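What follows is a short report on a single structure.
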Amino acid sequence: MIRKGTWAAHLKKLKAERFGKAEDSEEALSQKLYNYYDSSYLGVITIGTPEQSFKVVLDTSSTYFWIPDYTCVADNPEVCDISECDPGCELIQLPYSYMPHYGCNFIENIHRNSVANAESTVSLPIVACQVFCPVLQCCEKGRKRRKPNACRGKNFFTSSNSSTYSPVAGNWSIYYETKGGKGNAEGFYGNDTVRFGEPGTKQLIVSGSQFGQAHEIADFFAGVRF
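Quick note: the sequence shown uses UniProt numbering, first residue 1, plus one each step.
Structure (structure tokens):
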């Protein structure tokens with residue numbers, strides 16, 4: 001259709017079929033959508049007071065409504081993504097016949113095959129992260145190094161900046177399996193004013209809306225720019 005020059009007319013026809021005469025109604029609220037040829041629709045919403053904007057997938061087949069929370073990136077500086085900041089890798093001083101700076105996989109294999117044990121080491125374990133990582137915050141116990149943080153580069157919600165926000169008890173987790181990858185999005189709940197449409201437009205306002213605040217999302221979301 002693009003080659004034939006009929007694409008613009010086709011889009012106009014699709015729009016007419018979707019909306020009919022709704023745009024002429026005084027009661028209708030019309031908002032701009034980003035349409036990926038009916039495979040997915042993106043729209044702009046705002047949350048909180050003052051408004052914080054997000055571009056979201058409008059999924060009518062799901063009841064889940066979540067956005068990235070600031071905690072998804074706040075405790076994970078970009079420097080923590082480098083291999084030197086892996087908090088799960090410990091270097092141990094092996095017997096003199098071994099070099100003390102082998103990688104984690106090599107050391108794990110040695111322990112698995114009982115080549116080295118507690119009696120054969122000549123020094124206490126040294127956490128590699130604390131030695132090589134330039135930011136000790138990355139080495140905190142329980143932190144897992146992963147691929148570049150999928151939340152980074154996205155708009156995220158900061159509840160402390162909203163005067164209408166209130167927390168909601170409970171946690172949530174959703175598993176996704178797509179062509180782009182699979183994994184979980186998980187976080188906690190909040191309640192605030194949600195508006196459909198960009199700031200400054202005639203919006204549909206829904207006060208007291210419950211939504212999910214994601215503190216961790218699967219790696220494949222890193223390539224999703226909204």
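Every residue, glycine too, gets a C-beta built ideally from N, C-alpha and C.
Model, not experiment: these values are computed from the prediction.
Item                                                                                                                                       : Value
In three-state DSSP terms, what is E51?                                                                                                    : coil
Q130 bridges to which residues according to DSSP?                                                                                          : Note: Q130 sits in no beta bridge, so no partner.
Taking Cβ positions, are residue 233 and A185 nearer each other than 7 Å?                                                                  : The shown model of the chain, from 1 to 226, leaves out residue 233, and the question about it has no answer.
Rounded to a whole number of angstroms, what is the C-alpha to C-alpha distance between C85 and F157?                                      : 27 Å
At what residues does the beta strand (DSSP E) containing G190 begin and finish?                                                           : G181 to F196
What did DSSP end up calling H101 once you bin it into helix, strand or coil?                                                              : Residue placement at H101 cannot be trusted, given a pLDDT of 42 that sits under 50; the coordinates are not used to answer.
On a CA-only basis, which of C151, N171 and A222 is nearest Y64? Give me that one, please.                                                 : N171
I67 and A214 look like a contact to me (Cβ under 8 Å); what is the Cβ gap, rounded to whole Å?                                             : 7 Å
When you compare only the Cα positions, how much space is there between C139 and S83?                                                      : 12 Å
Measure the beta-carbon distance from G190 to F211 and round it to whole angstroms, keeping in mind my assumption that it falls under 8 Å. : 6 Å
Between which two residues does the beta strand (DSSP E) harbouring Y165 extend?                                                           : That residue, Y165, is in no beta strand (DSSP E); it is neither H nor E in DSSP.
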